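As they're listed, the protein sequences go chains A and B.
Under the numbering used here, the first residue of the first sequence carries the number 169, and numbering increases by one thereafter.
Under the numbering used here, the first residue of the second sequence carries the number 234, and numbering increases by one thereafter.
Where is the CB? At the ideal position from N, CA and C, for every residue including glycine.
Remember, it's a predicted structure, so these values are computed and weren't measured experimentally.
Since the structure comes first, as structure tokens, the remarks are kept for the end.
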Amino acid sequence: MDALIEKLKGQIIEQLNLAEVKPEEINPDSPLFGEGLGLDSIDALELIVLLEKHYGIKIEDPKDGKTIFQSVRTMAEYIKSQGKS
Amino acid sequence: MKHITSYAHIKHRRLTANGSLIFDGSSSGSLPEFLTDAYRAQGMSYPKYHKMDTLCKLGMLCMEAAVKESGMLTEYPLDKIAIVLANAASSMDTDRVHQASISDKAAYFPSPAVFVYTLPNIVIGEIAIKYKITGENAFFVSECFDAGLLLNYLEALFHGETQAAVCGWVEADGDAAEAFIFLVEKSNKSSNFKPLNQEAITELYNQ
């Protein structure tokens with residue numbers, strides 16, 4: 169799980185152009201939206217693209233995103249639950 | 234009486250404000266490197282900048298340079314400040330990136346973060362958000378820099394409630410990148426500033 173979390177941090181930084189953020193600054197349990205990384209609605213769409221592009225996971229119902237994208241850890245757990253890690 | 238109270242240029246990867254060099258990236262590096270280095274050279278702290286396309290980055294850098302020594306943003310109500318910009322290539326630079334992301338059906342991954350920049354007036358929106366400007370705005374696409382077009386529109390705005398304006402030309406097309414932003418104020422400021430007219434706009438653009 170830790171390896172997947174570290175990999176995800178790098179992918180999120182690259183996909184969302186978080187040029188001023190370093191992987192070690194991302195707390196895997198901090199909220200991705202609102203506080204924490206302070207992502208916005210366009211970033212949410214980019215995270216959906218990231219899951220499809222890198223892990224072949226399609227999120228059919230955008231409402232699921234609220235749970236999946238709570239934090240880097242919840243993203244990693246979801247990827248693992250889909251058997252795609 | 235309206236005056237041009239400040240201006241900034243990005244030309245040949247050099248950022249200048251009111252004739253003074255702010256950052257020179259002309260001798261080395263790529264355009265993306267220039268855009269990042271010039272951002273750092275200005276001491277800007279706005280993480281969203283890194284998510285923007287080239288057109289918006291050019292506009293933001295030039296605006297920051299033009300407004301830095303100006304009191305415009307505090308001297309006028311922000312809803313009385315207009316933004317009027319123009320260019321020739323519209324959002325073509327980002328349109329190409331988006332096109333590339335959807336051209337291969339086997340690797341069809343259009344990026345929402347790219348798609349949102351496939352309109353040229355987004356640069357106005359980004360400037361408006363950063364500086365909290367809520368006045369009139371317009372973006373024109375013309376074959377080349379047209380001081381008369383900008384002047385006519387500014388005059389119309391100043392007949393209304395507009396008291397100050399951010400105006401200029403922001404162009405991104407492949408490796409060709411250029412920006413010119415000038416600030417116009419309707420005030421009794423000293424005659425050290427250039428009166429707003431077509432000759433003055435053209436002269437400053439050609440500097």
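Relative to B:I316, the option among B:A346, B:K363 and B:K284 whose CA is nearest is B:K363.
Within its own chain, the residues whose Cβ lies closer than 6 Å to the Cβ of B:T435, once the five positions on either side in sequence are excluded, are A380, listed in chain order. As DSSP reads the structure, B:H242 sits in a beta bridge with B:T249 and B:F413. Contact between the segment 384-404 of chain B and the segment 220-237 of chain A is absent: fewer than 3 CB-CB pairs across the two stretches fall below 8 Å.
B:E404 is bridged by DSSP to B:E411. For A:L184, the three-state secondary structure derived from DSSP is coil.
The criterion of a C-beta distance shorter than 8 Å is satisfied by A:V217 and B:S344. Straight across, the Cα-Cα distance linking B:C377 with B:N430 is about 18 Å. For the pair A:E203 and A:N195, the Cα-to-Cα distance works out to about 12 Å. Counting C-beta pairs with one atom in each stretch, the segment 236-244 of chain B and the segment 239-248 of chain A have fewer than three that are closer than 8 Å, which means they do not touch. Within chain B, the residues P345 have their CB atoms less than 7 Å from the CB of A:L213, given in chain order.
Assignment of A:K234 by DSSP, reduced to helix, strand and coil, places it in the helix class. Per DSSP, the continuous alpha helix (DSSP H) segment holding B:N385 begins and ends at A380 to H392. Of the candidates A:D211, A:G251 and A:I227, the residue whose Cα lies closest to the Cα of B:H283 is A:D211. For the C-beta of A:A187, the chain B residues within less than 7 Å are, from N- to C-terminus, H283. Annotation for B:F373: the continuous beta strand (DSSP E) segment containing it runs N370 to V374.
Your pair B:S375 and B:A340 does not check out as a contact, with CB atoms roughly 36 Å apart and the cut at 8 Å. Here the alpha carbons of B:T327 and B:T351 stand approximately 6 Å from one another. Out of B:D408, B:V399 and B:A250, the CA that lies nearest to the CA of B:V417 is found in B:V399.
Just so you know, the alpha carbons of A:K177 and A:P191 end up roughly 6 Å apart.
Shown here, B:I314 sits in a strand according to DSSP, grouped into three states. By alpha-carbon distance to B:L437, the top candidate from B:F415, B:I335 and B:G407 is B:F415. A straight line joining the alpha-carbon of B:K244 with that of B:T307 spans about 28 Å. Rounded to the nearest whole angstrom, the CA to CA distance from B:Y272 to B:L294 is 7 Å. The alpha carbon of B:L288 has as its nearest neighbour, out of B:F342, B:A250 and B:W402, the alpha carbon of B:W402. For the segment 243-266 of chain B, the set of positions with a beta-carbon nearer than 8 Å to some beta-carbon of chain A is empty. Look at B:V349: its C-beta is under 8 Å from a C-beta on chain A. Residues of chain B with a Cβ closer than 9 Å to the Cβ of A:V240 do not exist, since the nearest Cβ in that chain sits about 18 Å away. Runs of beta strand (DSSP E) with 3 or more residues, each lying fully within the segment 287-356 of chain B, are found at 314-320, listed in chain order.
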